[in-house]
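Some notes on the structure that comes next.
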Amino acid sequence: MIKCSIYRTTIRSKRERVSTMGLEPLMAHIRDDAKKRATVEGVRAEMPSLPPLQRAQLLDSLPRICPALEAYKRRNGETEMRYNGIVLLEINDLKSKEEIADIKQRAATWPTTLAAMTGTSGKSVKILVRGTFSDGSLPTGSDETARFHALLYERCATAYASVVGRPFKSKNARPSDMLRWTWDSTAFYNADASPLRIAPHDLTAQTGLTADNSKEYDPQAITPSEENYRLYAMRFALAVRSMRQQFGIQEGVSEKGDSKENTSYGGGSKKADNSAEGKGTLNGGENNKAGSSAEGETPNSELQLAAIAEACLRLGIPMEETLRQAHFWIITHLDNRERARTIVESTYLSHPQWLGKDRSHGMQELTMQLQQFMKERYDLRYNELSNSVEWRFNHSASYTFRPLDTRMMNTMIQEAHENGIEVFDRDMKRYLGSTRVRSFNPAAAYLRSVEGRWDKRTDYIGALADRVPNRNPHWREWFHTWFLSLVAQWEGMNYSHGNAVVPLLIGQQGCGKSTFGQFILPPELRSDGYRELVDFSKKTEVERMLATSLLINLDEFNQISEKIQQGFLKNLLQKSSVKTRRPYSTSVSEEPRLASFIATTNMNDVLSDPSGSRRFIVAEIREGQQIDLRGGIPYEQLYAQAYEELYHQHRRSYFTPEEVQQIETYNNTFATQRPEVEYLLDIFKLVPEDEEGCEWLSSTELALEVRRQTHYEYSNSALNYLGRWLTAENRFRRVGKKTLHGISVYSVRRRKR
């Protein structure tokens, strides 16, 4: 039995309690419970006269129902939630009881509808639909469940918009979505409702599952309004009725000629009510499974669809709208969706009403035709990370965006020609390269989708750092600061400087260093945002990666030369923006930096820049141990925590001078020791100025003393390096009064020989 969670707030203690109830007895209470009826009717009577605050308090007195989650207690007494696959659809601000009854009846005609009821306010309808994977299973893990639920909501919202004749509002659907306790004597419930199936590969390939609320208003967008939904739904119902009359199919029988019962709440069978006007169902009753069989032979589904398409054409329904309205009809009667599209297209394109059109339009008409065609058939977006256009079909079973290549663009042009739009390659390229295609930032969209979801109990960033077993006592704290700076870089919060700190993982081959770098990003951002950098020869391309990547792995860091470490890499890490000239462009554009860095190596002495070691937080993985890559990472909670700490807790995402000093001190162990430094430390020791035997010498004097005792000759470059190394040891340096001709001197003590 499917169970839901019921949340109640106690009157005295104001504590929230959760319990479970089967969906079938829950619907029985919603329909027949006299006590609950009196309570809900009282709320409906009082609400119109109350101000907003008191209205909210009145609603809070009612229990809340979470249809997608079932609460259960573990052996240790803790309450856990189990996902059951139910999604909640809502239609609000309805005007009359007749309108509410019409929408419930429309929803009840479809085999996937689990329940439909009037909402608490008496001016809304709540629809419950259940979904599963293709094999009947449900997702596991919080991240997979959240993405599955968001995809399920999108598909149900798209499909049921044509069923009920109204668009559903875009929202970030979550398994924790709730509705208030309600009462409805005519609530519909079908215990045998078919679940909506989702292929697992659609879930893993999807990169933007939650509703995208970042679309800008476009006055020329061809977006059906609520009135258009109703109009097209009514016309489509008339088209289906016309087809049934043409082939002599009775109203109470499906087009396949079968006769089945549809179980509703209350026991027994209940005939779905198909009104004479065809308003009750979208297809005039083809899914009403009560009644007698049709007399004579029923024509095949392809002929029926062709007749429906011809009637839709005569009624003035656009071809793409016909395919959208027929979505459920096609699923029920034709297994091949591509075949269904071919039938509808051939019916439209071969009809005299279509062939007789005058196509001698000017450029303005052609442009508007192309825009309408593209918006009706495709959902396009410009990916700001990959700098490419991505596409997917509108009103399709596949919700995955794919990169637009030349092959697909040519297909779009051919389909436009088939629809009577005489566009050329240059016209299509102009459209795809214009601002008519909305921009999409994957990182920003992902962070908005997880906003407010952190449970505020667990440190998920610290837990991610703990997966790396290492000797650095400050690793967990330093990694936390770096991770916040990573997210702040995506959000443009580091506007004056870039994230100049790099986690450096040192460990043996095969311990999981590079894989850990990939696992920092969620799957939705990994394909576009993760890059590995080993070649610094093409500096322009490397700098472009700062604006088109989210995380760059400096793999095999020990192979980066000392010259690059001390020059190009140091400059790269501190950049806050990138100035580039794109191909075929005559101007230089400045783009914000998005990328942060992580580095991996299997060698210990890799830091060759004495003054730049503060930019690395080193984690030396213990010998024989592996980075823990088992189990899933709760990315939703991980990034929701970072977002909460940055925007609401205002936690610091940079290192203090004291922490920088700690980093420099810790990194001395991993610095490369060149001969000029080794000879110096063999003879002298850098000591505080108050230590006995201390003397002040310049770098030149130190080099001369080393040559006298070891006969090692310092070249000019070696002498310059020695000066930089000594300058990095700032606590032993003295400037001002104790200088020799304006040259810095250093406090040293001679070692006893």
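In our numbering, each residue carries its 1-based index in the sequence shown increased by 1.
Where is the CB? At the ideal position from N, CA and C, for every residue including glycine.
Beta-carbon proximity check, residue i vs residue j, cutoff 7 Å
i: F598; j: V503; result: yes
i: R56; j: E71; result: no
i: D144; j: E637; result: yes
i: R444; j: W491; result: The sequence shown places Ala at residue 444, not Arg. Yes.
i: L522; j: L647; result: no
i: Q566; j: S609; result: yes
i: K686; j: R752; result: yes
i: L350; j: I422; result: no
i: E525; j: Y447; result: yes
i: P176; j: T146; result: yes
Alpha-carbon to alpha-carbon, residue j and residue i
i: L367; j: V126; result: 42 Å
i: Y644; j: S50; result: 39 Å
i: Y218; j: F329; result: Bear in mind that the predicted position of Y218 carries a pLDDT of just 35, short of 50, making it too unreliable to give a figure here.
i: A240; j: L314; result: 9 Å
i: K98; j: W184; result: 14 Å
i: L27; j: I7; result: 10 Å
i: T541; j: A489; result: 24 Å
i: M494; j: H649; result: 14 Å
i: H498; j: T40; result: 59 Å
i: T264; j: S195; result: Per-residue confidence for T264 stands at a pLDDT of 34, beneath the threshold of 50, marking its modelled position as unreliable; no derived number is given.
i: N384; j: G137; result: 34 Å
i: P635; j: K37; result: 39 Å
i: W392; j: S550; result: 21 Å
i: G568; j: N721; result: 15 Å
i: E714; j: R708; result: 6 Å
i: I92; j: L573; result: 52 Å
i: E679; j: S745; result: 21 Å
i: L197; j: Y161; result: 12 Å
i: I684; j: W726; result: 16 Å
i: A501; j: Q509; result: 26 Å
i: A102; j: S186; result: 11 Å
i: M48; j: S577; result: 53 Å
Simplified DSSP state of residue i, which is helix, strand or coil
i: V19; result: strand
i: R408; result: helix
i: T10; result: strand
i: E262; result: Legend: pLDDT at E262 = 38, less than 50; position of this residue unreliable, value from coordinates given subsequently. It is coil, neither helix nor strand.
i: S270; result: With a pLDDT of only 32 at S270, under the threshold of 50, the placement of this residue in the model should not be trusted; the figure read from the coordinates follows. Coil at S270, not helix or strand.
i: V707; result: helix
i: R545; result: helix
i: Y73; result: strand
i: C512; result: coil
i: S562; result: coil
i: R594; result: coil
i: L51; result: coil
i: K580; result: strand
i: N554; result: strand
i: V746; result: strand
i: F685; result: strand
i: S389; result: strand
i: T114; result: strand
i: F757; result: Absent from the structure is residue 757, since the part of the chain shown begins at 2 and ends at 754.
Terminal residues of the beta strand (DSSP E) in which residue i lies
i: S440; result: 439-441
i: E621; result: 617-621
i: L505; result: 503-507
i: S597; result: 597-602
i: G132; result: 126-134
i: V88; result: 87-92
i: N384; result: 379-384
Distance cut-off 6 Å: residue i Cβ against heavy atoms of the ligand HEM
i: P404; result: Summarising the ligand content, the structure contains no ligands, and the ligand HEM is consequently not present.
Residue i: first and last residue of the uninterrupted alpha helix (DSSP H) it sits in
i: S486; result: 476-492
i: L526; result: 524-530
i: E646; result: 636-648
i: I66; result: First-last for I66: 65-67, but that is the beta strand (DSSP E), not the alpha helix (DSSP H).
i: I199; result: Counting along the chain, I199 falls outside any alpha helix (DSSP H), though it belongs to the beta strand (DSSP E) covering 197-199.
i: Y154; result: 143-165
i: Y667; result: 658-668
Do three or more CB pairs link the stretch 514-534 to the stretch 544-555 at distances below 8 Å?
yes
How about the stretch 600-608 and the stretch 557-572: do they share at least three Cβ pairs that are nearer than 8 Å?
yes
Does the stretch 177-191 touch the stretch 102-120, meaning 3 or more C-beta pairs lie closer than 8 Å?
yes
Please determine if the stretch 586-596 and the stretch 425-440 are in contact, where contact requires at least 3 C-beta pairs separated by less than 8 Å.
no
Does the structure place the stretch 628-636 close enough to the stretch 511-531 that three or more beta carbon pairs sit under 8 Å?
yes
For the stretch 648-667 against the stretch 473-481, are there 3 or more C-beta pairs whose distance is under 8 Å?
With the cut-off at 8 Å, the stretch 648-667 and the stretch 473-481 touch.
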